[in-house]
Amino acid sequence: MPRKTTFSLFALAILAFAACRQEQPALEVSSPSGKLKVELLLDGKGQPAYLVTYDGKLLVDTSTLGFEFKDASPLAGGMELTGQASSSKNETWEMPWGEQREVVNHYNELAATFQESDELKRTYRIVFRVYDDGLGFRYEFPEQPNLKDVIIMDENTQFQLTGDHTCWWQPGDWDIYEHLYNTARISDIDAFSKRGHPNLAQSFIPENAVNTPVTMKTADGLYLSFHEAALYDYPGMTLKVDNNTFLLQSELVGSDRLKLKAEKTVPFETPWRTMQVSENAGGLIESHLILNLNEPNKLGDVSWFQPTKYVGIWWEMHLGKSSWDMASGRHGATTENARRYIDFAAANNIGGLLVEGWNTGWEHWIGFEDREGVFDFVTPYPDYDLEEVVRYGKEKGVALIMHHETSAAPRTYDQQLDTAFALMQKLGIHAVKTGYVGKIIPKGEYHHGQWMVNHYQRVVETAARYQVAVNAHEPIKDTGIRRTWPNFISREGLRGQEFNAWATDGGNPPEHLPIIAFTRMLAGPIDYTPGIFNIKLDPYKPDNQVNTTLAQQLALYVVIYSPIQMAADLPEFYDNNPALQFIRDVGVNWETSKVLNGEVGDFVTIARQERGTDKWFLGSITDENSRNLAVKLDFLPAGKKYAATLYADGADAHWNDDPVNFTIQKFLVDSATEMELRLAPGGGAAMSLLPATEEDLQSLKAYGE
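In terms of this note's numbering, the sequence shown opens at residue 286 and continues consecutively.
Given below as structure tokens:
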């Protein structure tokens, strides 16, 4: 045979081998409905990759998966599929508290094992769980001879999007989630432009990346949100953005102190990387994907925590009426002031009192390089009698919520956790608000890195031993671990109400909360502190205001979920205001929740049934645009009449021009009632729906009559 022919056949053989490798049949797994499908494959370089379709349309194109390590070769190409397994699960589990009592957990799972073809034979599994409302996948590293202790420099998880979607995003900040959300195409995302915000001293944005959850809408009208679930002993994940190709790639929060992203010992597994999918915006809120990807409750009975509304010595500090520290001469956390708030709470069906600034050290808590040892979490200022406040609250039926501000010195807090929680247990205090304001000490660690993720978890687990529930501010992101650790009740993790009182950029704009409902709230409960009635903040902050109507402040008790909800304003601004009745009535723990309508950044209406009762509550909010929203009350049980009390924007209401203009209407409704809600610019509507009494049936007219 001529040499030329021999060479040609050899070349063809090589090409055929490469084509064979590239065209290995993909493994497939679909959602229970069959609409959402994942294909898992090895690309031409032997690197694991996947793609996602929904109803036959490509959502995520071929996206590779892998790792880079320090002092070891990466896990990327050269892998072989050595095993696969499929399974399904369909269960219903009960939340001890939450947006609804029962949660369906129904998915199909694919687990594929990959091993290097070279001599090290390092191996890992990729596990996909596919639900009707989205998917999650993670890496699992089993015990093996050639992979022991690893230093992860990067996790290269890709999401190759297939279009320039409209995106609601905030920058991938390693320290805070307190940026405003932005609305832009993926091609226009510029995280670097958000550096140097005057109100965000601890901000750090090293990459053109976004924080999660990040929510998108495709040109076909499909809604997507990317996040993570079950974050333990691992850095938080941001998503690096390629503006030209629409590729998102994991960018883990690092440690500048240790010069790495994560340290792990095999065996280990990563958090789940998640993607929610919905044909309407409300479906994102109703999804329980993040919770379902977490393990079941480890604590058992947590009835020692009761969801509640609360008041607090807090807002007055942000207004400048009082101060956290005693040296100022305007100390807010006094025994006398606490009694005043307790009396107000007891008179208005409010079960909790938060007191900030109660313990010594606030003179040196921020602005100092060395903040170690500033707080001891057990020593009150001389004008605050902790035991008397607890005793008086119990007498009035109002429980104290403890406050622990760490000043971002977590090592000091670690040393005192048992002492601090033992004091709470002794006094019968079952909830604490923690805070981490400032740059983390030691220098080079960030709020969202592995070191701090482990700290937050230590706090939650230690608190559980003392029957203490944790509401964290300046937290790590919520990733659904409240299912496993139901004493992690709420978090801040967003630009909160206080920005309206002291920010120099005009505060939170009217579109802020209609975005939050479809972004940050997808992660879990939010301690947003609603209920401000003195919208213009007179006489304390003449240059600041809350950029909503009063009616929207009421609606937030239903729309923005938390098992603890603050009546945040000063008691004097609630006096003699009939709108306070909604705060008295509204529930905080829910049997079920339904999103009636919504568009990201524009408006949303949510109805929730109070757990253990037949009472329903409805909240509706809008952005800077006025809206007339049609609402059907078909969620009510058939054949039963309800007395509805509607707190609505007045005819001339406007978030800036006339924010406290509201009306109260009462009428009868049932499951056949169809209503129209008129929302003013920056406005809202709140409605209580209580089973009608005989007196209601006699005195009230039906809606529309």
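Where is the CB? At the ideal position from N, CA and C, for every residue including glycine. These numbers come from a predicted model, not from an experiment.
Query, Result
"Does Asn-622 come out as helix, strand or coil in the three-state DSSP assignment?", "helix"
"Which of the three DSSP states, helix, strand or coil, is assigned to Lys-679?", "helix"
"Leaving out five residues on either side along the sequence, give the residues of the same chain with a beta carbon under 7 Å from the beta carbon of Tyr-519.", "Ala-547, Thr-555, Pro-556, Gln-735 and Val-738"
"Mind reading off the beta-carbon distance from Met-522 to Thr-500? Whole number of angstroms is fine, and I expect it under 8 Å.", "Not really, about 16 Å apart at Cβ, beyond 8 Å."
"Taking the alpha helix (DSSP H) that Leu-841 falls in, what are its first and last residues?", "835-844"
"Got a sec? Which residues, its chain only, sit under 7 Å from Thr-338 by beta carbon, not counting five neighbours each side?", "Lys-322 and Leu-344"
"Whether or not the segment 343-360 and the segment 437-449 are in contact is what I'm after, with contact meaning three or more pairs of Cβ atoms, one per stretch, closer than 8 Å; do they touch?", "yes"
"Report the residue from Phe-818, Glu-384 and Thr-367 whose alpha carbon sits nearest the alpha carbon of Val-843.", "Glu-384"
"Going by DSSP, which residues form a beta bridge with Met-364?", "Glu-401"
"If you follow the beta strand (DSSP E) that Gly-421 is in, where does it begin and where does it stop?", "419-426"
"Who pairs with Gln-369 in a beta bridge, going by DSSP?", "Ala-397"
"Taking Lys-574 and Gly-363 to be in contact with their CB atoms under 8 Å, please state how far apart those CB atoms are, rounded to whole angstroms.", "Note that residue 574 is Leu in the sequence shown here, rather than Lys. About 33 Å; that fails the 8 Å criterion."
"Taking the alpha helix (DSSP H) that Phe-902 falls in, what are its first and last residues?", "Segment 901-907 is the beta strand (DSSP E) holding Phe-902; no alpha helix (DSSP H) there."
"Give me the Cβ distance between Ala-618 and Tyr-669, rounded to the nearest whole Å; I'm assuming they're in contact under 8 Å.", "5 Å"
"With H, G and I counted as helix, E and B as strand and the rest as coil, what does DSSP make of Ser-348?", "strand"
"Given this structure, state the Cα-to-Cα distance separating Gly-368 from Asn-393, to the nearest angstrom.", "17 Å"
"List the DSSP bridge partners of Asp-434.", "Thr-550"
"Going by DSSP in three states, Tyr-595 sits in which element: helix, strand or coil?", "strand"
"Buried or exposed: where does Ala-694 fall if 16 or more other Cβ atoms within 10 Å of its Cβ makes it buried?", "buried"
"Should Gly-967 be labelled buried (16 or more other beta-carbon atoms within 10 Å of its own) or exposed?", "buried"
"Would you list the one or two residues that DSSP bridges to His-688?", "Lys-718"
"For the candidate residues Asn-874, Ile-714 and Asp-854, whose alpha-carbon lies nearest to that of Thr-814?", "Asp-854"
"Exposed or buried, what is Phe-653 when buried is set at 16 or more other beta-carbons lying within 10 Å of its beta-carbon?", "exposed"
"Quick check for students: name the residue ranges of the alpha helix (DSSP H) that lie wholly in the segment 736-803, counting only runs of 4 or more.", "784-787 and 797-801"
"Put Gln-950 into one of helix, strand or coil per three-state DSSP.", "strand"
"Whole angstroms is fine: what's the gap from Leu-779's alpha carbon to Arg-480's?", "17 Å"
"Leaving out the 5 sequence neighbours to the left and right, which residues in its chain are closer than 8 Å to Tyr-409 when beta-carbon positions are compared?", "Leu-360, Thr-398, Phe-399, Tyr-424, Glu-425, Phe-426 and Pro-427"
"If you measure between the beta carbons of Leu-865 and Phe-818, is that distance less than 9 Å?", "yes"
"Can you tell me the Cα-Cα spacing of Asp-473 and Leu-533, whole angstroms?", "13 Å"
"Which residues mark the beginning and the end of the beta strand (DSSP E) in which Pro-976 is found?", "969-976"
"In chain order, what residues of the same chain lie with their CB nearer than 6 Å to the CB of Val-831, ignoring the 5 residues before and after it?", "Asn-785, Ile-817 and Ile-820"
"In the DSSP output, what is Arg-893 paired with across the bridge?", "Ser-878 and Phe-902"
"List the DSSP bridge partners of Pro-825.", "The sequence shown places Tyr at residue 825, rather than the Pro named in the question. Note: Tyr-825 sits in no beta bridge, so no partner."
"Work out the CA separation of Phe-660 and Gly-646 for me, nearest whole Å.", "5 Å"
"Examine chain D for any beta-carbon lying closer than 9 Å to the beta-carbon of Glu-654, and answer yes or no.", "The structure shown contains no chain D, having only a single protein chain."
"Taking buried to mean at least 16 other C-beta atoms within 10 Å of its own C-beta, is Lys-925 buried or exposed?", "exposed"
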